[in-house]
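Here's the structure, in structure tokens; my notes come after.
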Amino acid sequence: MMTIDKWTCLKLLIVVLLMGLAFPCASFAADAGPVIKEAQDLVSQGKIEVAIESVTDFIQSDPKNAEAVIYLGQLYLQKEDWATAEKTFNDALALKGKDPDALLGLGAALYHQEKYKEAAGAFEDGLKTRKLLGEFHNRLGLVYLAENKYEKADLEFREAIAADASKAEYHKNLGDDEMARKIYALAVSEYEEALKLDSTRTDFYFNLAEAYFQMRNFTSAVEQFQKVVKIDPQNAVAYKKMAAIFYAANKYHEARAAYEALLKIQPNDVDALTRLSKIYILLKKYDEAGELILRAIDLDIKQTEAFFDLALVYFENQMYDKALEAYLKYEKAQPDKLNAEFWKRLAQAQLKLGVDNPSYLDSAIISYNEVFKLEPNYSQGYSDVGYAFYKQKNYPKAIENFNKSLEITPDNINTLRNLSYCYLNSGDYEGAVATLRKVLERNPDDSKLMGLLGNTLGFTKKYSEAVEILKKALELNPDDSDNLYYLAIIYSNWGKFDSAADIWLRVLNNPQSSSEQKCSAYKSLGANRVAGGKWKEAIEYYTNAINCDPGNLSSMAGLGDSYRLGQKYDDARKWYQKIVDSAPKSKDAEEAQKKILQITFQ
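Quick note: the sequence shown uses numbering that gives the first Met the number 0, first residue 0, plus one each step.
Pasting the structure below:
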């Protein structure tokens, strides 16, 4: 039987006591597992504050429990309380040394506070533990990516993938690095690899869509966003991104549908309201655009830029007074953004209002002068200013501005046409003819222009050429009432009364002729029949002329002459007397008095 002397027993006792001193917690440390499990359940219920309180209470009872301290740090990370998380993980490291979980958490807390150098140090220390290598390389890559050190980030992400190729996040982050370096094809490859590993992550689809977008592959980009809304039908951001892509691709109907879907989810999204209103404007749906703009302004009174589009909506709906009001509100709210486009639109609204209220014409001219300061060669502006002066009957100024416009754009038909009207109204028929010839050179088959030129040639007494041009115009459009009217006038002034009468009959029988043109035809045919001694037909035509223009003294005189020719003196005297009664001091009345006397002494 083996015996142990007392000295050996004493030595064994001392060893046991020393072991107890060296590992004081080994026998008495509490298990943190249950409290962590309880905290995890609380977090899943959205009660993170209660979870933090529970774990904190546990640590107070066991302050050296590193596992609990690390988990508390992770809770602060979830709460995004980065500074407290940093302190907590440092406490864990003081308890447990270079623990990989604590280093990982510390690096994350520092990263989110943009303490990139310190974060990199924590992740590098983590790599030295030879544990969680993939995660440490990945996090270090994120630090380099944040610092725009793309090549270093690339190396770290690839090391992470080499350590653990099953992590979709690593491929996604490498894709982000390729995006930052504008290597979009490689980014697409990494995002697709990430989706093979995890097809439920909507952010992966977002990033892949963005890569396709940068490659101008809009179809593939939209396909990815459609996958997002299939997974998450309430994902407003996906609809917004799709709408932006459709808009950039000029697919306005598709963009409209995407924004409308977004507004069903977020009906008060001011940005979506304003963007959708712009699409409605492009689609010429001005009423719908106006409603959206007003909603946006009601939701955010600071949306003063919206007044610019609101004014355009009113302008297109011919509500020029409201358009002007909106432009003036924009001018007051955005004085630093009054560019040439603003002044153009303001001037156009003022010009439209000037049609009925000439006081706006001066304002339009002033606004266009602001345009010319920014765009001195804006041809349409000079043309519009010319029109404003034309409406004011300031023909010299109108001609000056029309000519300025034509110096910039010589072939502008409307400007040439308006210039010819200025010459006509100012009595410069030669100038009008020269201008109309230029217009006709560019539009040789325009029957309206031919008619206008023919009529103007009549003022210069070039009757033969005028008739030739008007006949060509009527070959192109036989029922053009204006050209028939011009031709009849030319024949009358040329003294070709029979030819004139034939054309006047066509004017009467033309359903397109205006009442004024028909009235002129009746008068002219009456005069023609008087000259031919056909007094009965003359009476009929002059009677019709008076019916359409009862106060016309010339028609009254013609009817009196017709009755006198037919020896119906009482009727003749009656019509001559009507002239005297209507305008007793006129030359027509004086002539009528003479005719009354002649009848009396016949």
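The beta-carbon is built from N, C-alpha and C at its ideal position, and this holds for glycine as well. For clarity, every value in this text was computed on a predicted model and none was experimentally measured.
| task | Whole angstroms is fine: what's the gap from W493's alpha carbon to L415's? | result | Rounded to whole angstroms, the separation of the alpha carbons of L415 and W493 is 28 Å.
| said: Tell me which residues share the same chain as K613 and place their Cβ nearer than 7 Å to its Cβ, disregarding the 5 neighbours each side in the sequence. | reply: No answer is possible for residue 613: it lies beyond the span of the chain, which begins at 0 and ends at 601.
| field | Close Cβ partners of L74 (< 8 Å) along its chain, the five nearest in sequence each way excluded | value | Taking L74 as the centre and dropping the five residues before and after it, the same chain places the C-beta of A38, V42, I47, A50, I51, V54 closer than 8 Å to its C-beta, in chain order.
| request: My understanding is that A472 touches T455, with C-beta atoms under 8 Å, so please give their C-beta distance in whole angstroms. | output: Contact between A472 and T455 does not hold, since the beta-carbon distance rounds to 13 Å and is not under 8 Å.
| task | Would you check if the distance between the CB atom of F203 and the CB atom of K151 is smaller than 8 Å? | result | Between F203 and K151, the C-beta gap is not smaller than 8 Å, which leaves the two residues out of contact.
| query | In the structure shown, what three-state DSSP assignment does Y377 receive? | reply | DSSP, reduced to helix, strand and coil, places Y377 outside both helices and strands of the structure shown, so it counts as coil.
| task | Check whether the stretch 514-534 touches the stretch 550-560, taking contact to mean three or more Cβ pairs, one atom from each stretch, closer than 8 Å. | result | Segments in contact, yes.
| query | Okay, do the stretch 126-136 and the stretch 86-94 touch, 3+ Cβ pairs below 8 Å being the bar? | reply | Contact fails: fewer than three Cβ-Cβ distances are below 8 Å.
| query | Going by the CB atoms, is the gap between Y169 and N137 shorter than 8 Å? | reply | For N137 and Y169, yes; Cβs fall inside 8 Å.
| query | When you compare only the Cα positions, how much space is there between N546 and L337? | reply | Roughly 56 Å between the two C-alpha positions.
| query | Mind checking R274: buried by the 16 CB within 10 Å criterion, or exposed? | reply | Here R274 is buried, its C-beta having at least 16 other C-beta atoms within 10 Å.
| field | Assigned secondary structure, E515 (DSSP; H/G/I helix, E/B strand, else coil) | value | DSSP places E515 in helix when its eight states are reduced to three.
| field | Any alpha helix (DSSP H) of 4 or more consecutive residues that is wholly inside the stretch 25-52 | value | Correct list: 32-43.
| field | CB-CB length for I412 against R436, believed under 8 Å | value | Going by Cβ atoms, the distance from I412 to R436 rounds to 13 Å, so no, they are not a contact pair.
| query | Taking C-beta to C-beta, are A257 and Y238 nearer than 8 Å? | reply | For A257 and Y238, yes; Cβs fall inside 8 Å.
| Simplified DSSP state of N216, which is helix, strand or coil | In the three-state reduction of the DSSP assignment, N216 falls in the coil class.
| From S512 to V506, what distance separates their C-alpha atoms? | About 6 Å.
| query | Which two residues bound the contiguous alpha helix (DSSP H) that contains P549? | reply | Note, P549: premise wrong, no alpha helix (DSSP H); not H, not E.
| request: For F600, count neighbouring C-beta atoms within 10 Å of its own C-beta (all shown protein chains included) and say buried if the count is 16 or more, exposed if not. | output: So F600 counts as exposed.
| query | In chain order, what residues of the same chain have a beta carbon less than 6 Å from the beta carbon of S26, not counting five sequence neighbours either side? | reply | Its pLDDT being 35, under 50, S26 is placed unreliably in this model, and the value from its coordinates should be taken loosely. If we look at S26 and ignore the five residues flanking it on each side, it has no Cβ neighbours.
| Is it right to say K470 is buried, meaning 16 or more other beta carbons lie within 10 angstroms of its own, or is it exposed? | K470 is exposed by the Cβ-count criterion.
| field | Proximal residues to G133 (C-beta, below 7 Å), its chain only, five neighbours per side dropped | value | Excluding residues within five positions, the ones whose Cβ falls inside 7 Å are A159, A162, D163, K166, Y169.
| task | Might you give, ordered along the chain, the residues of its own chain that have their beta carbon closer than 8 Å to the beta carbon of L448, omitting 5 neighbours on each side? | result | These residues qualify, in order along the chain: R416, L435, V438, L439, N442.
| query | In or out: I244 buried (at least 16 other Cβ within 10 Å) or exposed? | reply | Result: buried.
| said: Pop quiz: V142 and Y115 are said to be a contact at Cβ under 8 Å. What is the actual Cβ separation, rounded to whole angstroms? | reply: Right, their Cβ atoms sit about 5 Å apart.
| query | Mind checking L298: buried by the 16 CB within 10 Å criterion, or exposed? | reply | Exposed, since its Cβ has fewer than 16 Cβ neighbours within 10 Å.
| message | Threshold first: 3 residues or longer. Then list the beta strand (DSSP E) segments lying entirely within the stretch 115-198, N to C. | response | Entirely contained in the stretch 115-198, not one beta strand (DSSP E) run reaches 3 residues.
| query | Residue range of the alpha helix (DSSP H) that R436 falls in? | reply | 428-441 is the span of the alpha helix (DSSP H), which, as asked, contains R436.
| message | So, with DSSP's three-state summary, where would you put T408? | response | Coil.
| Roughly how many angstroms lie between the CA atoms of D308 and F401, to the nearest whole one? | Their Cα atoms are separated by approximately 30 Å.
| request: Report all residues from its chain with a CB closer than 8 Å to the CB of P99; omit the five preceding and five following residues, and keep chain order. | output: In its chain, beyond the 5 residues on either side, G125, T128, K130, L131, F135 have a beta carbon closer than 8 Å to the beta carbon of P99.
| said: With distance defined between alpha-carbon atoms, name the residue in A118, Q112, S425 nearest to A101. | reply: Cα-wise, what sits closest to A101 is A118.
| said: On a Cα-Cα basis, can you pick out the residue from L452, S480, D478 that is closest to E467? | reply: Closest in C-alpha terms to E467, from the list L452, S480, D478, comes L452.
| With DSSP run on the structure shown, which of helix, strand or coil describes P62? | In the three-state reduction of the DSSP assignment, P62 falls in the coil class, being assigned neither a helical nor a strand state.
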